[in-house]
Amino acid sequence: MLSEILISETGLIKTVNTETAFPGTNVSEPVISETEKAKSEVLDPGASKTCTIPFPYDKQDEFLWFSFESLSAGSHILSAGYVTQDIPKYRPMVAIDICTFHREEYVYRNMEVLERSILCNPENPYRSNLLVYIVDNGQTLEPANIASDCIHIIPNRNVGGSGGFTRGILEILKDREQKHITHMIFMDDDAVIEPDALIRTIALLSFIKDQYRDACIGGAMHRIDQPYIQHESGAVWNGVTSVRNHEGVDLRNFDEIVENENILPTSYAGWWYACYPLTVVRADNLPLPMFIHCDDMEYGIRNRKNGFIFLNGICVWHNSFEHRRTSALSYYDVRNITIMNALIYPDGNERAWIKNLWKRVIGDLLRFRYRDVYIKCLGISDFLRGPEYLKAMDPVEKLREVNAMGYKFKPVAELTDDPETLREIREYGFPEEVKTSDRQKTHIHAYPMGIHPSFTLFLQKSILLFEPSENYGMIVQHSIAEMWKCLIAFYRTLRKLKHRYAEVRQAYRKAYNAMSSKEFWVKFLSYKLDVAGETHESE
1 MLSEILISET GLIKTVNTET AFPGTNVSEP VISETEKAKS EVLDPGASKT
51 CTIPFPYDKQ DEFLWFSFES LSAGSHILSA GYVTQDIPKY RPMVAIDICT
101 FHREEYVYRN MEVLERSILC NPENPYRSNL LVYIVDNGQT LEPANIASDC
151 IHIIPNRNVG GSGGFTRGIL EILKDREQKH ITHMIFMDDD AVIEPDALIR
201 TIALLSFIKD QYRDACIGGA MHRIDQPYIQ HESGAVWNGV TSVRNHEGVD
251 LRNFDEIVEN ENILPTSYAG WWYACYPLTV VRADNLPLPM FIHCDDMEYG
301 IRNRKNGFIF LNGICVWHNS FEHRRTSALS YYDVRNITIM NALIYPDGNE
351 RAWIKNLWKR VIGDLLRFRY RDVYIKCLGI SDFLRGPEYL KAMDPVEKLR
401 EVNAMGYKFK PVAELTDDPE TLREIREYGF PEEVKTSDRQ KTHIHAYPMG
451 IHPSFTLFLQ KSILLFEPSE NYGMIVQHSI AEMWKCLIAF YRTLRKLKHR
501 YAEVRQAYRK AYNAMSSKEF WVKFLSYKLD VAGETHESE
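Positions 1 to 539 (our numbering) are the ones given, in order, by the sequence shown.
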């Protein structure tokens, strides 16, 4: 159900009815509040009919629903829903942009769901309002496994998420006129799609008010490991980290669902589900070449003047991020956040960001992740090489360089066979206090990778860090000598950053428009343009 409260704020719907088909004797009760009923209708015994009951639609602060009461045995509901007799003002055509790399199982599963529920479903009224563009950075998808002609697979070299999504944008813009595309949705390849989220999005776009037509419709992210818990519904960037809106909402609780509709300040919508109009996503307003991480944040902040819309029911399920701590992310997070801050803050938020960098490095040291400190130093050094280096960089070679510097993960079964360690992993439990005597035992304590760093960790000789949802990890060793080497290297890198930050920040600001242009991306993606402006992959 679309939220009637927010529809009244953003949409043009004037009337709402509940339409129900059922045989038997029933009472249908649309409800305005706990005590006030709008209307009831009793059906004759043995009757089978469609009953349409209008909702009074003149209140802005009530939650609407309807209920049924069976008055005889054998009655049952055939279908039910919310409908309107108002004629849609717009006919949106929405293109989903998915970038994938070696995640065939996720992609095939999601496409099968979309084909069955929308694209190949003759009873779905929105089956002709949706297209899908899958940019295959790994070039491993088989078109024969896709049934619908509305799903397009585009082989692409591995240019990361930002490059893959931008390739999808270029294809969508190329088809815009011919296929009458009005909107696009950034969507992660490993997100679990709820088809009704797409139905709600298209329905909202069909009735949206003119003042909200350029807004981004964001989808909430719910946890796969706890499907009833919301991870994020929009977020605010405070200059050093993201503050998630409505984090931890329990979707089993009615009061929390109502509270989830409250509008909060928002900087961006994550690209697990973010719907933008093509009046915003243009050839002169493309993402930056960040490879992975922070591209959705920067793009949302850049376009936040248009606003964001979040509704209950527009959502996906996704693995949470708190324990995703590959070494490569240390590089991309530090480099890309430094670039982003340089672009969006007049002073680059220098003092607060440097303070936060120290915090991140100390966290690495307390977790014995010394290699990640050197990788962070590389991220800062590459930022200081300026936008021309970023534009000319081979993203695949850079990823290889970073991966070679970092830690290699292995399945937990290859790391330990100690029963106590395996128990800690299975139970997702770890001791709050580790006694000195524990350090002498043969088993190694296991901790999720996102554990808050503390001296409890620091007192141990070695620990096993694991990723709970994927069940892989690594063993790291405590080394005072390596810790001091890291501190010296990081201190020297920060001195360079402080000395050159203002100069390099201005260079990025001057190159901003060029790096987000079609001309840059066509060259970066190894494309060539023909006379008609279409894009083709170069030999």
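Heads up, the beta-carbon is just placed ideally off N, CA and C, and yes, glycines get one too.
Within the stretch 323 to 388, note down every full beta strand (DSSP E) run reaching 3 residues or more, in order along the chain.
-> With a minimum length of 3 residues, no continuous beta strand (DSSP E) run stays inside the stretch 323 to 388.
N-terminal and C-terminal residue of the beta strand (DSSP E) that residue 65 is part of | In the sequence shown, counting from the first residue as 1, residue 65 sits at position 65. Going by DSSP, residue 65 is part of the beta strand (DSSP E) stretching over 65 to 70.
Cβ contact check for the stretch 210 to 220 and the stretch 273 to 283: 3 or more pairs under 8 Å | Segments in contact, yes.
What are the residues that DSSP puts in a beta bridge with residue 268?
-> Within the sequence shown, numbered from 1, the residue matching residue 268 stands at position 268. According to DSSP, which records beta bridges pairwise, residue 268 is partnered with 235.
Tell me whether the beta-carbon of residue 304 lies closer than 8 Å to the beta-carbon of residue 476.
-> Along the sequence shown, read from residue 1 onward, the residue named residue 304 stands at position 304. Along the sequence shown, read from residue 1 onward, the residue named residue 476 stands at position 476. The Cβ-Cβ distance between residue 304 and residue 476 does not fall below 8 Å.
Span separating the alpha-carbon of residue 130 from that of residue 446 = The count along the sequence shown starts at 1 and reaches residue 130 at position 130. The count along the sequence shown starts at 1 and reaches residue 446 at position 446. Distance from the CA atom of residue 130 to the CA atom of residue 446, rounded to whole angstroms, is 46 Å.
Best match in 51, 201, 449 and 104 for proximity to residue 81 [C-alpha to C-alpha] = Your numbering for residue 81 matches position 81 in the sequence shown. Comparing Cα-Cα distances from residue 81 to each of 51, 201, 449 and 104, the minimum goes to 51.
For residue 590, the three-state DSSP class (helix, strand or coil) = This structure cannot speak to residue 590, because the chain is shown only from 1 to 539.
Assigned exposure category for residue 298 - 16 Cβ within 10 Å defines buried | Within the sequence shown, the letter at position 298 stands for residue 298. So residue 298 counts as buried.
In angstroms with no decimal places, state the Cα-to-Cα distance between residue 387 and residue 507.
-> Residue numbering aside, residue 387 sits at position 387 when the sequence shown is read from its first letter. Residue numbering aside, residue 507 sits at position 507 when the sequence shown is read from its first letter. In a straight line, the C-alpha of residue 387 is about 7 Å away from that of residue 507.
For residue 427, does the three-state DSSP call read helix, strand or coil?
-> On the sequence shown, position 427 is the one that residue 427 refers to. In the displayed model, residue 427 falls within coil according to three-state DSSP, outside both helix and strand.
Tell me whether residue 136 sits in a helix, a strand or coil according to DSSP, three-state version.
-> Position 136 of the sequence shown holds residue 136. Looking at residue 136 - three-state DSSP - the assignment turns out to be strand.
CA-CA distance, residue 89 and residue 126?
-> In the sequence shown, residue 89 corresponds to position 89, counting from 1. In the sequence shown, residue 126 corresponds to position 126, counting from 1. Looking at the two C-alpha atoms, the distance is approximately 15 Å.
Throw me the rounded Cβ distance for the residue 113 and residue 193 pair, which I believe falls under 8 Å.
-> As a working note, residue 113 is residue 113 in the sequence shown. As a working note, residue 193 is residue 193 in the sequence shown. Residue 113 to residue 193, Cβ: 6 Å. Contact.
Where residue 410 sits in the DSSP three-state scheme | On the sequence shown, position 410 is the one that residue 410 refers to. For residue 410, the three-state secondary structure derived from DSSP is strand.
Cα-Cα separation between residue 205 and residue 459, rounded to whole angstroms = Stepping through the sequence shown from its first residue, residue 205 is reached at position 205. Stepping through the sequence shown from its first residue, residue 459 is reached at position 459. Rounded to the nearest whole angstrom, the C-alpha separation of residue 205 and residue 459 is 56 Å.
Between residue 437 and the rest of its own chain, which residues show a CB-CB distance below 7 Å, the 5 nearest in sequence each way excluded?
-> Residue numbering aside, residue 437 sits at position 437 when the sequence shown is read from its first letter. Only weak support exists for where residue 437 lies, its pLDDT of 37 falling under 50; the value from the coordinates is given anyway. Answer for residue 437: no residue qualifies.
Apart from the five residues just before and just after residue 441, which ones in its own chain have a Cβ nearer than 7 Å to its Cβ?
-> Locating residue 441 in the sequence shown gives position 441, where the first residue counts as 1. Here residue 441 scores only 46 on pLDDT, less than 50, and its place in the model should not be relied on; the value that follows carries that caveat. Answer for residue 441: no residue qualifies.
Going straight from the alpha carbon of residue 211 to that of residue 265, what length do you get?
-> Indexing the sequence shown from 1 puts residue 211 at position 211. Indexing the sequence shown from 1 puts residue 265 at position 265. Using only the alpha carbons, I get a separation of about 18 Å.
Over the uninterrupted beta strand (DSSP E) stretch that includes residue 223, give me the two end residues.
-> Here residue 223 refers to the residue found at position 223 when the sequence shown is read from its first residue. 216 to 223 is the extent of the beta strand (DSSP E) around residue 223.
Would residue 117 pass as a contact of residue 227 if the rule is Cβ separation under 8 Å?
-> Residue numbering aside, residue 117 sits at position 117 when the sequence shown is read from its first letter. Residue numbering aside, residue 227 sits at position 227 when the sequence shown is read from its first letter. Not closer than 8 Å, so no.
Where DSSP assigns a beta bridge to residue 97, which residues make up the other side?
-> If you number the sequence shown from 1, residue 97 lands on position 97. By DSSP's assignment, residue 97 forms a beta bridge with 133 and 186.
Would a C-beta distance cut-off of 8 Å place residue 135 and residue 395 closer than the cut-off?
-> Walking along the sequence shown from the start, residue 135 turns up at place 135. Walking along the sequence shown from the start, residue 395 turns up at place 395. No.
According to the Cβ coordinates, are residue 239 and residue 407 closer than 8 Å?
-> For the purposes of this step, residue 239 is taken as residue 239 along the sequence shown, with counting starting at 1. For the purposes of this step, residue 407 is taken as residue 407 along the sequence shown, with counting starting at 1. Between residue 239 and residue 407, the gap from beta carbon to beta carbon reaches 8 Å or more.
Contained beta strand (DSSP E) runs [length at least 3] in the stretch 270 to 297, N- to C-terminal order = Along the stretch 270 to 297, the beta strand (DSSP E) occurs as fully enclosed runs of 3 or more residues at 274 to 277, listed in sequence order.
Classify residue 248 as buried or exposed, calling it buried when 16 or more other Cβ atoms lie within 10 Å of its own Cβ.
-> The sequence position of residue 248 within the sequence shown is 248, counting from 1. Sixteen is the threshold: since fewer than 16 other Cβ atoms of the shown chains lie within 10 Å of the Cβ of residue 248, the residue is exposed.
What does residue 464 pair with, by DSSP beta-bridge criteria?
-> The sequence position of residue 464 within the sequence shown is 464, counting from 1. Residue 464 pairs with 446 and 475.
Just to confirm, are residue 462 and residue 478 a CB contact at a threshold of 8 Å?
-> Sequence index remark: in the sequence shown, residue 462 carries index 462 (1-based). Sequence index remark: in the sequence shown, residue 478 carries index 478 (1-based). Cβ distance < 8 Å, so residue 462 and residue 478 count as in contact.
Collapsed DSSP secondary structure at residue 103 in the structure displayed | Along the sequence shown, one-based indexing puts residue 103 at 103. For residue 103, the three-state secondary structure derived from DSSP is coil.
Please check the pair residue 162 and residue 291, which I expect to be a contact at CB under 8 Å, by giving their CB distance rounded to whole angstroms.
-> Taking the first residue of the sequence shown as position 1, residue 162 is located at position 162. Taking the first residue of the sequence shown as position 1, residue 291 is located at position 291. Contact holds; Cβ gap of about 6 Å.
Classify residue 161 as helix, strand or coil using the three-state DSSP reduction.
-> The sequence position of residue 161 within the sequence shown is 161, counting from 1. Helix.
For residue 493, which three-state DSSP category applies?
-> Mapped onto the sequence shown, residue 493 falls at position 493. Here DSSP, grouped into helix, strand and coil, assigns residue 493 to helix.
Who pairs with residue 242 in a beta bridge, going by DSSP?
-> Position 242 of the sequence shown, counted from the first residue, corresponds to residue 242. Residue pairing for residue 242: DSSP places it in a beta bridge opposite 237.
If you run the structure through DSSP and keep just helix, strand and coil, what is residue 78?
-> If you number the sequence shown from 1, residue 78 lands on position 78. Three-state result, residue 78: coil.
Would you check if the distance between the CB atom of residue 182 and the CB atom of residue 92 is smaller than 8 Å?
-> Here residue 182 corresponds to residue number 182 of the sequence shown, with the count starting at 1. Here residue 92 corresponds to residue number 92 of the sequence shown, with the count starting at 1. Yes.
Would the stretch 368 to 377 and the stretch 486 to 504 be scored as touching if the rule is three or more Cβ pairs under 8 Å?
-> When C-beta atoms of the stretch 368 to 377 are compared with those of the stretch 486 to 504, three or more pairs fall below 8 Å, so the two segments count as touching.
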